[in-house]
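The numbering used here numbers the first residue of the sequence shown as 6 and each following residue consecutively. Built from N, CA and C at the ideal position, the CB exists for glycine as well. On a predicted model such as this, the values are computed, not experimentally measured, just so you know. Here's the structure, in structure tokens; my notes come after.
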Amino acid sequence: MASINVSLQVIPRVPGDDVYPVVDQVIDLIRGSGVKYEVGPMETTMEGELGQLLELVKKAQEVCVAAGATRVISIVKIDYRPEGVTIDEKVGKYRK
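Below, the structure is given as structure tokens:
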């Protein structure tokens, strides 16, 4: 299967509303997975096989709960094309 893009935004409900350390743990999960990814100010976009990326979305919920979240709202965007789609084709021209 061709590579596709999945963007993930997690909004964990944590005591004290200090969500950044929990979001950092989710980004560490993605970094450790070996998939290509880019962190943005509102979401992280990943590139890879659909099943692998959806598994990361699932694990992200678990990471948030393990970090103390009592609830997690996640916003997921999927850009799927049978022949594949890459992060570079979308934003490569904007990089310096």
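| Check | Outcome |
| --- | --- |
| Could you say which of G39, E52, S79 and T75 lies nearest to K95 if we only look at CA atoms? | E52 |
| Note down the Cα distance separating Y42 from L61, rounded to an integer number of angstroms. | 12 Å |
| Report buried or exposed for L58, applying the criterion of at least 16 other Cβ atoms within 10 angstroms of its Cβ. | buried |
| List in chain order: all unbroken alpha helix (DSSP H) runs of 4+ residues lying wholly within the segment 11–60. | 25–38 |
| Identify every residue that forms a DSSP beta bridge with S79. | V15 |
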